[in-house]
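Encoded as structure tokens, the structure appears first; notes follow it.
2 protein chains.
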Amino acid sequence: MKVSSRAHYGLRAMTELAKAFGGGPLALSEIARVEGLPATYLEQLMAELRKAGLVEGLRGLHGGYTLTRRPSQITVGEVVRILEGPIAPVDCTAEDYAAGSCHREPDCLSRSVWQRVKESIDAVLDATTLQDLVDGREGSRTVLPTLPISIQKVGCYSR
Amino acid sequence: MKVSSRAHYGLRAMTELAKAFGGGPLALSEIARVEGLPATYLEQLMAELRKAGLVEGLRGLHGGYTLTRRPSQITVGEVVRILEGPIAPVDCTAEDYAAGSCHREPDCLSRSVWQRVKESIDAVLDATTLQDLVDGREGSRTVLPTLPISIQKVGCYSR
DNA sequence: AGAATTCCGAGTGAATCGGTAGGATTTTCG
DNA sequence: CGAAAATCCTACCGATTCACTCGGAATTCT
Chain W
244 MKVSSRAHYG
254 LRAMTELAKA
264 FGGGPLALSE
274 IARVEGLPAT
284 YLEQLMAELR
294 KAGLVEGLRG
304 LHGGYTLTRR
314 PSQITVGEVV
324 RILEGPIAPV
334 DCTAEDYAAG
344 SCHREPDCLS
354 RSVWQRVKES
364 IDAVLDATTL
374 QDLVDGREGS
384 RTVLPTLPIS
394 IQKVGCYSR
Chain C
244 MKVSSRAHYG
254 LRAMTELAKA
264 FGGGPLALSE
274 IARVEGLPAT
284 YLEQLMAELR
294 KAGLVEGLRG
304 LHGGYTLTRR
314 PSQITVGEVV
324 RILEGPIAPV
334 DCTAEDYAAG
344 SCHREPDCLS
354 RSVWQRVKES
364 IDAVLDATTL
374 QDLVDGREGS
384 RTVLPTLPIS
394 IQKVGCYSR
């Protein structure tokens, strides 16, 4: 249950861009220096974030990267999914999983718990924006959909 | 954010043992057949679960494995941690992480979100017992400690 | 005795991961 | 213009990990 360094590095780069938001573009070399990341590797990650439309690159002298949206409008979930692929502890919990394509599904007892794990990860990642991270705040977005009932209970009991 | 096949297979094997609990020991070959898992690979996983004290093996004819505790007293979290290692999206969220050993910790903005991801995964895994899976029920154990506030909120708002 | 089973440790092929290398293109500035 | 600084693009690569196999020893029941 580790997150790849791709997602980890990429998110760190995005927090730097969030801090720099409003000023000019931030050079990749600068991000790499501040965060202590290998520049050429980070280059690949930025390319994917750019293709996904989260950042744009400006070439030439004084070039660099900028966020295409305000930091409060970009969730950690977006960033992670681009670099990490879909959040799915097991294949049959991925969004693109065709119901029934695992022939064991009818008598599979373990799927439900992985499904709840996935949903709870999604909930955290989608509730948190880059701005939240910069402000050192917990996730500010309330996520509406189906949450694990066991967790909802705990939340309510706690009052 | 995938779970290894070790944990996945191991949990499936444990659900079979949970179903068989109370009867005699269940042979590994039988588990492998029913679950469609490679027997010799599963053998390794069972060895780890045995060394951890979750199952015991009985050799010889009509031998096999049995759970050492009732299925309602074994959580999915225990099983997964044995086979998967500690749940930690990034190293600095592991239990054995010495605070401050990552020199970037003071200005690391991303750690908090990984910490909340870890806690929410733990919450799901520790709330669910093998008996819950057999009964097709959600996690029955309420987990007391610190849950992500954002999620608690959602739980309460939903009433 | 013999069959069925768990136990044990080494080995292996392929995939993935984290990272590098080299160069082309674009932009700014003197 | 021409040099410097930056992004873009594509291929490669070494190490590790992963999922799995193999061979055999020890144990237990019939």
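So the sequence lines, in the order shown, correspond to chains W and C.
Just so we're aligned, residue 244 is where the first sequence starts under our numbering, counting upward by one.
Just so we're aligned, residue 244 is where the second sequence starts under our numbering, counting upward by one.
The C-beta atom is built at its ideal place from N, Cα and C for all residues, glycine as well.
{"Asked": "Min CB distance ILE364/C to chain W below 8 Å", "Found": "yes"}
{"Asked": "Neighbourhood of THR258/C by C-beta distance below 7 Å, restricted to the same chain and skipping five residues each side", "Found": "LEU373, LEU376, VAL377"}
{"Asked": "Near-chain W residues of the stretch 279 to 313 of chain C - C-beta to any C-beta below 7 Å", "Found": "GLY279"}
{"Asked": "Under the three-state DSSP convention, the category TYR340/W falls into", "Found": "coil"}
{"Asked": "Spatial distance of ARG384/W from CYS351/C (CA atoms)", "Found": "21 Å"}
{"Asked": "Near-chain C residues of the stretch 258 to 274 of chain W (beta-carbon distance less than 7 Å), N- to C-terminal order", "Found": "THR258"}
{"Asked": "Those residues which DSSP pairs with VAL298/W across a bridge", "Found": "LEU310/W"}
{"Asked": "Proximal residues, the stretch 328 to 345 of chain W versus chain C, C-beta separation under 8 Å", "Found": "ILE330, ALA331, PRO332, VAL333"}
{"Asked": "Opening and closing residue of the alpha helix (DSSP H) in which ILE325/W lies", "Found": "319 to 327"}
{"Asked": "TYR284/C burial status per 10 Å Cβ neighbour count (16 or more: buried)", "Found": "exposed"}
{"Asked": "Residues near GLU321/C by beta carbon distance below 7 Å, same chain, minus five either side", "Found": "LEU297"}
{"Asked": "Interface residues of chain W facing LEU352/C [CB-CB closer than 7 Å]", "Found": "THR258, LEU376, VAL377"}
{"Asked": "Cutoff 7 Å; reference GLY253/W; Cβ partners in own chain excluding five residues on either side", "Found": "LEU288, LEU292, VAL322, LEU326"}
{"Asked": "CB contact check: THR372/W to chain C, cutoff 8 Å", "Found": "no"}
{"Asked": "Segment contact, 8 Å Cβ cut-off, at least three pairs: the stretch 299 to 318 of chain W with the stretch 330 to 338 of chain C", "Found": "no"}
{"Asked": "8 Å Cβ cutoff, ARG347/C in contact with chain W", "Found": "yes"}
{"Asked": "Element boundaries [alpha helix (DSSP H), containing MET257/C]", "Found": "248 to 262"}
{"Asked": "Helix, strand or coil at LEU269/W according to DSSP, with G and I counted as helix", "Found": "strand"}
{"Asked": "Short CB-CB distance (under 8 Å) between ARG255/C and chain W", "Found": "yes"}
{"Asked": "Coil, strand or helix - THR371/W by DSSP", "Found": "coil"}
{"Asked": "Buried or exposed by the 16-neighbour rule on C-beta atoms within 10 Å, applied to LYS294/W", "Found": "exposed"}
{"Asked": "Neighbourhood of LEU280/C by C-beta distance below 6 Å, restricted to the same chain and skipping five residues each side", "Found": "TYR252"}
{"Asked": "From GLY307/C, GLN358/C, PRO329/C, residue whose alpha carbon lies closest to that of ALA263/C", "Found": "GLY307/C"}
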